[in-house]
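Since the structure comes first, as structure tokens, the remarks are kept for the end.
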Amino acid sequence: MRAVVVHRPGPEAEVEIVEVPTPQPGPGAIRIAVAAATVNPVDLMVRAGVGGTPFAAPRDRWGVGWDVAGTVDALGAGVTGFTVGQAVIGISDRLDVSLGAQADYVVLEAGNVAPAPVSVPPVQAATIPLNGLTAIQALDALDLTSTDTLLVTGAAGAVGGFAVELAAARGVRVIASASPADEHTVRALGATDFVPRQAYLPDAVRALVPGGVDAALDAAALGPTTLAAVRGGGRFVSISVPNTPIPLRATVVRTVLVRADRAQLDQLVAHVDAGELTLRVAETLPLASVEAAQKRLAAGGLRGRLVLYPVTDHGWHVSRATRG
Numbered sequence: 001m002r003a004v005v006v007h008r009p010g011p012e013a014e015v016e017i018v019e020v021p022t023p024q025p026g027p028g029a030i031r032i033a034v035a036a037a038t039v040n041p042v043d044l045m046v047r048a049g050v051g052g053t054p055f056a057a058p059r060d061r062w063g064v065g066w067d068v069a070g071t072v073d074a075l076g077a078g079v080t081g082f083t084v085g086q087a088v089i090g091i092s093d094r095l096d097v098s099l100g101a102q103a104d105y106v107v108l109e110a111g112n113v114a115p116a117p118v119s120v121p122p123v124q125a126a127t128i129p130l131n132g133l134t135a136i137q138a139l140d141a142l143d144l145t146s147t148d149t150l151l152v153t154g155a156a157g158a159v160g161g162f163a164v165e166l167a168a169a170r171g172v173r174v175i176a177s178a179s180p181a182d183e184h185t186v187r188a189l190g191a192t193d194f195v196p197r198q199a200y201l202p203d204a205v206r207a208l209v210p211g212g213v214d215a216a217l218d219a220a221a222l223g224p225t226t227l228a229a230v231r232g233g234g235r236f237v238s239i240s241v242p243n244t245p246i247p248l249r250a251t252v253v254r255t256v257l258v259r260a261d262r263a264q265l266d267q268l269v270a271h272v273d274a275g276e277l278t279l280r281v282a283e284t285l286p287l288a289s290v291e292a293a294q295k296r297l298a299a300g301g302l303r304g305r306l307v308l309y310p311v312t313d314h315g316w317h318v319s320r321a322t323r324g
């Protein structure tokens with residue numbers, strides 16, 4: 001089968017498509033025939049090199065790709081609740097793997113997989129796991145109530161957009177920070193108030209909420225600037241280790257790095273099928289265009305995810321013109 005890998009991570013590294021043996025599912029694992037796999041910032045981090053850092057030990061070959069939508073192809077011993085041919089989504093949430101989701105097949109632990117939504121095609125379903133789980137886990141870490149005010153930076157991005165919509169569904173007042181061009185989008189997702197990212201965030205937020213917001217999800221990785229918009233004793237979640245600030249003014253500061261969670265995947269799928277979660281696809285590309293996809297992602301400015309369609313022989317039809 002084909003798989004996207006990086007052999008020599010670093011500033012000059014290239015992503016490669018290689019032929020490798022089809023992986024076999026061990027006990028408790030599922031092999032998925034991949035219909036769609038997204039391109040995420042973590043792919044760029046793997047390419048730049050995470051081996052020998054606190055994130056992961058060195059290895060010779062790094063697999064690429066975290067999000068997947070496809071069908072169950074084989075079940076390992078002891079796996080129940082899934083059937084061969086079933087449509088599923090899943091997340092490969094480990095950095096230290098030799099094969100990732102950008103491949104013809106991927107093997108995941110059963111707890112990393114959930115039945116796919118019935119209301120959307122694989123290209124859209126593949127955008128759910130990584131960013132949806134990050135958003136829901138960040139919101140849970142903030143322990144929000146319906147009386148809270150929440151600031152979301154990077155509110156038009158993949159994590160930020162999910163967070164705005166999920167928080168608004170919980171009855172939370174959401175203040176969104178994003179580009180002025182994205183104001184309509186984030187308000188449509190449920191933001192009550194909007195702050196353009198060009199404004200000085202602490203003052204602009206405090207003009208809307210005297211004393212500062214109760215909580216902040218810093219999806220834009222602004223660190224101390226976002227923290228300064230939070231009231232004393234408030235809560236702050238970062239999704240970027242290098243941009244997690246010191247907990248000034250008795251704020252509770254946490255860093256949330258995504259983990260697989262079947263129950264939360266099921267929640268996200270239920271939201272999608274109920275029409276309560278917006279899935280955004282910037283463009284679909286064939287697996288062979290992974291290099292171009294990474295360059296586009298690195299250039300910034302995308303709204304929605306780039307999605308690779310790795311296979312042509314499993315009965316799926318994926319339009320190159322898909323948008324969301």
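For the sequence shown, our numbering puts the final residue at 324, and the numbers step up evenly by one. No residue lacks a Cβ here, since even glycine has one placed at the ideal position from N, Cα and C.
Q. Apart from the five residues just before and just after Arg187, which ones in its own chain have a Cβ nearer than 8 Å to its Cβ?
A. The sequence position of residue 187 within the sequence shown is 187, counting from 1. The residues are Ala176 and Phe194.
Q. Can you tell me whether DSSP reads Asp203 as helix, strand or coil?
A. Residue mapping note: residue 203 aligns to position 203 of the sequence shown, counting from 1. The DSSP-derived three-state label of Asp203 is helix.
Q.
So, with DSSP's three-state summary, where would you put Leu75?
A. Taking the first residue of the sequence shown as position 1, residue 75 is located at position 75. Strand.
Q | Distance between Leu142 and Pro41 (C-alpha atoms, nearest Å) | A | By 1-based counting over the sequence shown, the position of residue 41 is 41. By 1-based counting over the sequence shown, the position of residue 142 is 142. Spanning the two alpha carbons is a distance of roughly 23 Å.
(Q) Just to confirm before moving on: does the CB-CB distance between Val72 and Gly85 stay below 8 Å? (A) Along the sequence shown, read from residue 1 onward, the residue named residue 72 stands at position 72. Along the sequence shown, read from residue 1 onward, the residue named residue 85 stands at position 85. Judged by beta-carbon spacing, Gly85 lies within the 8 Å limit of Val72, meaning their Cβ atoms are closer than that value.
(Q) So the candidates are Ser98, Ala158 and Thr127; which of them puts its Cα closest to the Cα of Pro21? (A) The sequence position of residue 21 within the sequence shown is 21, counting from 1. The shortest C-alpha separation from Pro21 is found at Ser98.
(Q) According to DSSP, simplified to helix, strand and coil, what is Thr225? (A) Here residue 225 refers to the residue found at position 225 when the sequence shown is read from its first residue. Three-state result, Thr225: helix.
Q.
Taking a contact to mean a Cβ-Cβ separation below 8 Å, would you say Ile91 touches Trp62 in this structure?
A. As a first step, residue 91 is located in the sequence shown; it is residue number 91 there, counting from the start. As a first step, residue 62 is located in the sequence shown; it is residue number 62 there, counting from the start. No, they are not a contact pair.
Q. By Cβ distance below 6 Å, which residues in the same chain neighbour Ala74 in space, the five residues on each side in sequence not counted?
A. By one-based count along the sequence shown, residue 74 stands at place 74. A distance below 6 Å between beta-carbons, with the five flanking residues on each side excluded, links Ala74 to the following residues of its chain, in chain order: Pro25 and Arg31.
(Q) Strictly by DSSP, which residues pair up with Pro115? (A) On the sequence shown, position 115 is the one that residue 115 refers to. In the DSSP output, where bridge partners are listed per residue, Pro115 has Val88.
Q: Would you identify the three-state DSSP class for Glu12, choosing helix, strand or coil?
A: Sequence index remark: in the sequence shown, residue 12 carries index 12 (1-based). Coil at Glu12, not helix or strand.
Q | Euclidean distance between Cα positions of Gln264 and Ala299 | A | As a position in the sequence shown, residue 264 is number 264, starting the count at 1. As a position in the sequence shown, residue 299 is number 299, starting the count at 1. In this model, Gln264 and Ala299 are separated by some 31 Å (Cα to Cα).
**Q.** Coil, strand or helix - Val256 by DSSP
**A.** As a first step, residue 256 is located in the sequence shown; it is residue number 256 there, counting from the start. Three-state result, Val256: coil.
(Q) Which residue wins for smallest C-alpha separation from Leu287, given the options Asn131, Val34 and Asp140? (A) Within the sequence shown, the letter at position 287 stands for residue 287. Ranking Asn131, Val34 and Asp140 by Cα distance to Leu287 puts Val34 first.
Q: Go through its chain and collect everything with a Cβ distance to Arg206's Cβ below 8 Å, but skip five positions before and after it.
A: Residue mapping note: residue 206 aligns to position 206 of the sequence shown, counting from 1. Excluding sequence neighbours, Arg206 sits near Gly212 and Ala229.
Q: Rounded to whole angstroms, what's the CA-CA distance from Glu16 to Thr251? Just pull it up for me.
A: For the purposes of this step, residue 16 is identified with residue 16 of the sequence shown, where counting begins at 1. For the purposes of this step, residue 251 is identified with residue 251 of the sequence shown, where counting begins at 1. Spanning the alpha carbons of Glu16 and Thr251 requires a straight line of approximately 44 Å.
Q. Considering only C-alpha positions, which residue in the set Pro23, Ala57 and Glu14 is nearest to Ala48?
A. In the sequence shown, residue 48 corresponds to position 48, counting from 1. Measuring from the Cα of Ala48, the nearest candidate turns out to be Glu14.
Q | Closest by C-alpha distance to Gln124, when choosing among Ala36, Val106 and Val237 | A | In the sequence shown, residue 124 corresponds to position 124, counting from 1. Among Ala36, Val106 and Val237, the Cα nearest to that of Gln124 belongs to Ala36.
Q | Three-way DSSP call (helix, strand, coil) for Pro21 in this model | A | Numbered from its first residue, the sequence shown carries residue 21 at position 21. Coil.
Q: Can you say whether Leu189 is buried or exposed, counting buried as having 16 or more other CB atoms within 10 angstroms of its CB?
A: Within the sequence shown, the letter at position 189 stands for residue 189. So Leu189 counts as buried.
Q) DSSP state of Val318, grouped into three classes? A) The sequence position of residue 318 within the sequence shown is 318, counting from 1. Only weak support exists for where Val318 lies, its pLDDT of 41 falling under 50; the coordinates are left without a value.
Q. In terms of residue numbering, what span does the alpha helix (DSSP H) encompassing Gly161 cover?
A. Residue numbering aside, residue 161 sits at position 161 when the sequence shown is read from its first letter. Gly161 -> alpha helix (DSSP H) spans Ala158 to Ala169.
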